[in-house]
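Below: the structure, in structure tokens.
Residue numbers (our numbering): 4 to 142.
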């Protein structure tokens, strides 16, 4: 507990959040954060505080900055973007699904017919086998 407090007070957590530590030091901070929940909470508090500070002191871009950027890269800010072709999804999907369902129904009917034929062939083969056994037994 005391080690966690001294680690928090050392200032290394602020450097960690700012990304100013070496890879080894980052691993050390991560290990300490997993061992001590108060260190993890302090890291989160520092991140939130820095984010609030950044939002509070954020600078708004100057008016016309977008136009200057577009001008510099060879575009115009008011250039009309080509309109994308709008395809109604419901009509096409409905037709597409109906054709898929129709195909699946046909496949289901074919499977059932194949099952009936297979059962009939199995019954026929079973009865023929029984007749053959009876004939062999009578010999």
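Where a beta carbon is used, it is the ideal one built from N, C-alpha and C, also for glycine.
Check: By how many angstroms is the C-alpha of residue 70 removed from the C-alpha of residue 14?
Finding: Rounded to whole angstroms, the gap between the alpha carbons of residue 14 and residue 70 is 43 angstroms.
Check: Are the CB atoms of residue 20 and residue 49 nearer to each other than 9 angstroms?
Finding: For the 9 angstroms CB-CB criterion, residue 20 and residue 49 form a contact.
Next item on the list: Note down, in chain order, each residue of its chain lying with its Cβ closer than 6 angstroms to the Cβ of residue 154, except the 5 sequence neighbours on either side.
Entry: Residue 154 is absent from the structure shown; the chain starts at 4 and stops at 142.
Checklist line | Candidates 87, 136, 31 and 42, of which the one nearest residue 7 by Cα | finding: The residue with the shortest Cα to Cα distance from residue 7 is 42.
Check: At what residues does the alpha helix (DSSP H) containing residue 62 begin and finish?
Finding: Element bounds for residue 62: n/a, residue is neither H nor E.
Notebook entry, point to check: Looking at residue 11 and residue 47, is the spacing between their C-beta atoms short of 9 angstroms?
Noted result: Not a contact, by the Cβ cut-off of 9 angstroms.
Margin query: Short of 6 angstroms in beta carbon distance, which residues of its chain neighbour residue 18, apart from the five on each side in sequence? Order them along the chain.
Written below: For residue 18, where only same-chain residues beyond five positions count, the Cβ hits under 6 angstroms are 24.
Item checked: 7 angstroms Cβ shell around residue 143 - same chain, five flanking residues per side excluded -> Within the shown structure, residues of the chain are numbered from 4 to 142, placing residue 143 beyond reach of any answer.
Check: Going by other Cβ atoms of all chains shown within 10 Å of its Cβ, with 16 needed for buried, is residue 119 buried or exposed?
Finding: Per the 10 Å Cβ criterion, exposed.
Item checked: Host alpha helix (DSSP H) of residue 13 (start-end) -> According to the DSSP assignment, residue 13 belongs to no alpha helix (DSSP H), since it is labelled neither H nor E.
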